[in-house]
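The sequence shown begins at 88 in our numbering and counts up one residue at a time.
All residues carry an ideal CB built from backbone N, CA and C; glycine is no exception.
The model shown is predicted, which means the values in this text are computed figures rather than measured ones.
This report refers to the structure that appears directly beneath it.
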Amino acid sequence: MPMSYHEQMDLKNIQKLRELQKELPAFASDFFRAMEIQKATNTRRNYAYDLSTFFYFLKTENPYFKDKDIRTLPVTILDALQPVDIEEYLSFLTYYEKDGQSFRNHEEGKARKLATLNTFFGYFHKKEIIQKNAPSVVDVPRVKEKNIIRMDAGEVARLIDNIESGDKLSEKQKVWHTKTRLRDLAIVVTLLGTGIRVTELVGLDIQDLDFDNGNMRIIRKGGNEDLVYFGEEAEEMLQNYMDERLTMEPEPGHENALFISQKNTRITVRSVERLVKKYASTATAKKITPHKLRSTYGTSLYQETGDIYLVAEVLGHKNVNTTRKHYAAMAEDNKRKAAKVIRLREK
88 MPMSYHEQMD
98 LKNIQKLREL
108 QKELPAFASD
118 FFRAMEIQKA
128 TNTRRNYAYD
138 LSTFFYFLKT
148 ENPYFKDKDI
158 RTLPVTILDA
168 LQPVDIEEYL
178 SFLTYYEKDG
188 QSFRNHEEGK
198 ARKLATLNTF
208 FGYFHKKEII
218 QKNAPSVVDV
228 PRVKEKNIIR
238 MDAGEVARLI
248 DNIESGDKLS
258 EKQKVWHTKT
268 RLRDLAIVVT
278 LLGTGIRVTE
288 LVGLDIQDLD
298 FDNGNMRIIR
308 KGGNEDLVYF
318 GEEAEEMLQN
328 YMDERLTMEP
338 EPGHENALFI
348 SQKNTRITVR
358 SVERLVKKYA
368 STATAKKITP
378 HKLRSTYGTS
388 LYQETGDIYL
398 VAEVLGHKNV
408 NTTRKHYAAM
418 AEDNKRKAAK
428 VIRLREK
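In structure tokens:
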């Protein structure tokens with residue numbers, strides 16, 4: 088029986104994690120072993136990326152570590168690191184070069200990497216293997232709030248119309264459009280009509296669709312299963328695509344995949360990002376990504392219901408504060424509207 092998409096992704100993450108661990112101190116293995124029961128494979132892989140960057144910084148920028156073998160460092164070395172060392176690391180992250188590549192980090196990236204160090208040091212501190220957790224006393228970089236980029240109703244209508252017709256595409260794009268029109272419509276309308284993440288969309292298998300009950304089974308971040316319901320428009324586009332999908336002959340290992348690429352394999356996240364960008368450019372000047380379609384859905388749902396908890400649940404946010412942070416400006420608009428509704432005296 089072929090592995091599911093999510094099993095394949097887990098395997099790739101585990102393989103990459105093992106590669107990255109070869110660049111880390113041997114004691115880091117204890118940390119990753121403990122994280123297996125708490126964190127998904129992609130989270131553990133991201134931890135490994137962040138830690139490899141941290142120890143690269145120590146090796147190249149800190150004189151004490153220049154002649155040291157990172158692999159053989161004892162865990163007690165963590166106690167020797169001071170908060171100022173962590174602050175120097177955050178400064179280093181602004182711009183650095185590694186393996187011939189240039190890397191930049193803004194405040195959001197720095198905050199994430201600091202959180203990784205806090206978790207890493209915190210594990211050994213909690214186990215009383217080290218005496219202190221230096222990253223825990225370092226100020227978290229202030230992440231600037233960004234305006235939500237989303238499509239308005241007119242832009243959404245134009246987007247769907249343009250995918251259906253293909254009139255706004257170049258002659259070269261129209262050749263592919265005739266072959267992928269139903270698939271592309273189903274992908275974009277599903278993203279707009281359910282708010283699922285692009286990773287959740289590409290992981291869909293045929294058997295995940297339940298037209299009788301109007302829902303689909305997805306795997307959320309962290310590996311949890313969830314049922315997401317779709318409306319009539321998404322159902323129509325999915326049904327139309329399914330008629331075509333059942334005539335396809337995918338490559339071995341991709342037989343169950345719902346959305347198929349021109350190579351007859353499961354469509355990738357990158358391919359979905361490209362097709363969304365292509366069609367969105369015909370409908371709006373905004374830079375639209377699959378995540379912006381998710382924001383468009385979340386905005387519409389919040390405007391219709393005013394229920395931040397419902398929006399959080401449907402979008403799969405584990406913490407409602409994540410949702411509230413993104414839609415706080417809309418909440419303020421609603422409060423301003425409420426203030427104007429009440430009239431104490433007739434004019």
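- The C-beta distance from methionine 238 to threonine 371 rounds to 6 angstroms, short enough to meet the 8 angstroms contact threshold.
- Closest in C-alpha terms to glutamate 319, from the list Arg332, Leu279 and Leu291, comes Leu279.
- Distance from the CA of asparagine 311 to the CA of lysine 103, rounded to the nearest whole angstrom, comes to 22 angstroms.
- For the pair glutamate 123 and glutamine 260, the Cα-to-Cα distance works out to about 45 angstroms.
- Approximately 6 angstroms separates the beta-carbon atoms of isoleucine 283 and valine 315; this is inside 8 angstroms, confirming the contact.
- When secondary structure is reduced to three states using DSSP, glutamate 175 falls in the helix class.
- For the pair of segments examined, the region 124-131 was found not to touch the region 157-173: the number of CB pairs separated by less than 8 angstroms stays below three.
- Residue environment analysis places glutamine 188 among the exposed positions, since fewer than 16 neighbouring C-beta atoms fall within 10 angstroms of its C-beta.
- Residues Val162 of the same chain have their beta carbon placed closer than 6 angstroms to that of phenylalanine 114, with the five preceding and five following residues left out of the count.
- Taking C-alpha positions only, serine 358 is separated from asparagine 351 by approximately 13 angstroms.
- Non-local C-beta neighbours of glycine 253 in its own chain, meaning closer than 6 angstroms and more than five positions away in sequence, comprise Lys261 and His264, ordered along the chain.
- DSSP, read as helix, strand or coil, puts methionine 329 in helix.
- For the region 277-357, the continuous beta strand (DSSP E) assignments of 3+ residues that do not extend past its boundaries occur at 302-306 and 312-316, in sequence order.
- A residue is called buried once 16 or more other Cβ atoms fall within 10 Å of its Cβ, and phenylalanine 190, having fewer, is exposed.
- Contact between the region 378-396 and the region 327-341 is absent: fewer than three C-beta pairs spanning the two stretches fall below 8 angstroms.
- Our two residues, aspartate 295 and alanine 135, have alpha carbons roughly 32 angstroms apart in a direct line.
- The DSSP-derived three-state label of glutamate 94 is helix.
- Counting along the chain, the unbroken alpha helix (DSSP H) around serine 116 starts and ends at 115-122.
- In the structure shown, the three-state DSSP call for lysine 197 is helix.
- For lysine 185, the enclosing beta strand (DSSP E) begins and ends at 182-185.
- If you draw a straight line from the Cα of lysine 266 to the Cα of glutamate 232, it is about 41 angstroms long.
- Secondary structure at serine 257: coil, using DSSP grouped into helix, strand and coil.
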